[in-house]
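The next block holds one structure in the form of C-alpha cells; read it before the comments.
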C-alpha cells in the first residue's frame, strides 16, 4: 500500500509556508510560475538525451536523484496551488481521466 | 478523509496508456515535455491577471473549471513520469520537504 | 541579406500594444509568463515525435506552419520583454555567445 | 541604428555548434526543450515579485544582468531552432504580427 496521504502532505506544505510567512507569495499566479519553472528544470535533465539515454534503466544514480527531486518540486507547487485555489486534486484528476476515456476510446 | 489513492490512479493511468498502445510514446523525455506543455497552459490562464484577479475568490466558474483541468493534466503526466521512472512520488516529496525544512529554518 | 530590422519590429510591437491599450498588461512578469506559455506550445508540437519525426525534412506543411507561428509568438513576447525592460537584445546575445565561447572551448 | 544582424548571429551560433560537434544534439525537439527550459529560468526571476518589484526601474544591477542573460539564452535557442528548421524568423514574425492586427483591431 502506498503511504501517500494527500491531505497530510497538503497540510504539511501549508504549515511550512505559514511558519516562514510565505503565504503572501503563494498566489495562484505565482505558484503557476513556480510550477512551470520546476517543469523547466525537468526538461533540462532530458533535453540533450537520446531516446535510449532517456530510458530510466540507463540513468546514473545522480540522474535518478535529480529526476526525483524535480518531480517532488513540481508536485509541491501543484499541491500548494490546489490548496490555495480550493481545488480537490483527486476529484480533478478523476474527472479528467474519465473525460479522456470518452475522448479517446480504446481500440477493440 | 481524502480519497486520493496514488497507487490506484497510477494504475488507472497505466492501463489507459496500455489500452491505447501509447506506452511507446511515454518515455521520460516525452512525458517531461508534455508536463511542461501543460504547465504552460496553467500560465496562460494567469498571465494577464493582476494579483487581485488571480485570487480564487474572484474567479468565474469557467476559470475555476479551467484551472482544475490544467492541474489534473499536469498531475496526470507527473504520475505517468514517476511510474515509468520507477519513482515513488510520496517518498520523493517527503524527502524534498524535509530537505527544505533544513534549508529554510522557520523564524523564531 | 536578411531584412529583419530589430528596431523596426520592436517599434511595431510597441505601437500595436499602445493602440489596444495593452501596455498595462505588459509587465516583465506577465511577458515572461506569456513567453513561457508560447514555449509550451512549441513543446506540444514535438512532445510525441521520435527523433526522426522531429526532423524538419519529415514535417508536413501544417507542422511547418505551426512551428513558424510558435517561433514568431515566442520572439514577439521576447522583444516586448526586452523593450519594456530597456534591454538591448543584440548586446545581450553578443555578450552571452562570447561568454559561452570562453566556457566551452572548441576541441582542437 | 541597431547593430543586430540576424544572419550573422545565426551563422555565429551555427559555427559555435559545429566547432563543438554539438549539431547532433540540436534537433528541433531538443532545441524546443532547451528554449522552454530557459523560459523557465526567466519565470524563476519574476515568480515571487509583486507587480511593483517586477518593474524594471526597481531592479538591482544583478537582476538586470540576470534578465539580460536569460533573454539571450532564449533567443539563442530560438535562432538555432529556426536555423535547423529552415525558418526565416523575420518572415515568420512579420506574418504573425500582420495576422494579429487583423484578429485584434485597434479601438477607434
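Residue numbers (this note's numbering), protein chains in the order written: chain F, 166 to 273; chain C, 166 to 273; chain P, 166 to 273; chain U, 166 to 273.
Glycine residues also receive a C-beta, built at the ideal position from the N, C-alpha and C atoms.
Residue range of the alpha helix (DSSP H) that residue i falls in?
i: residue 181/U; result: 171–184
i: residue 223/C; result: Where residue 223/C is concerned, there is no enclosing alpha helix (DSSP H), given that its DSSP letter is neither H nor E.
By DSSP, does residue i sit in helix, in strand, or in coil?
i: residue 189/F; result: helix
i: residue 217/P; result: coil
i: residue 248/U; result: helix
i: residue 259/C; result: helix
i: residue 269/C; result: coil
i: residue 253/C; result: coil
i: residue 166/F; result: At residue 166/F, the pLDDT of 45 sits below 50, so the modelled position is not reliable and the matter cannot be decided from this model.
Give every residue of the same chain whose Cβ lies closer than 7 Å to the Cβ of residue i, excluding the five residues on either side of it in the sequence, and list them in chain order.
i: residue 246/F; result: 193, 196, 197 and 200
i: residue 166/U; result: Because residue 166/U carries a pLDDT of 44, less than 50, the predicted location of this residue cannot be relied on, and the following value inherits that uncertainty. Same-chain partners within the cutoff: there are none.
i: residue 188/F; result: 182
i: residue 171/C; result: 254 and 255
i: residue 243/C; result: 200
i: residue 216/U; result: none
i: residue 223/C; result: 217
i: residue 191/U; result: 182, 245 and 249
For residue i, which residues of its own chain have a beta-carbon under 8 Å away from its beta-carbon, when the five flanking residues on both sides are left out?
i: residue 210/P; result: 228, 231, 232 and 235
i: residue 248/U; result: 175, 178 and 179
i: residue 261/P; result: none
i: residue 257/C; result: 247
i: residue 264/P; result: none
Should residue i be counted as a contact of the ligand NAD given a C-beta to heavy atom distance under 8 Å?
i: residue 169/U; result: Of the ligands one can find in the structure shown there are none, so the ligand NAD has no counterpart to examine.
Looking only at its chain, what residues have a beta carbon closer than 6 Å to the beta carbon of residue i, apart from the 5 residues adjacent to it on each side?
i: residue 240/P; result: none
i: residue 219/P; result: 211
| task | Count the CB pairs spanning the region 170–188 of chain F and the region 171–183 of chain P that are closer than 8 Å, and state whether there are at least three. | result | Flag = no, the region 170–188 of chain F and the region 171–183 of chain P do not touch.
| Can we say the region 204–211 of chain F touches the region 235–244 of chain F, given the rule of at least three CB pairs closer than 8 Å? | With a cut-off of 8 Å, the region 235–244 of chain F and the region 204–211 of chain F count as touching, because enough Cβ pairs lie within range.
| request: For the region 223–233 of chain P and the region 246–257 of chain U, state whether three or more C-beta atom pairs, one from each stretch, are separated by less than 8 Å. | output: Yes: the two stretches touch, three or more of their Cβ pairs being nearer than 8 Å.
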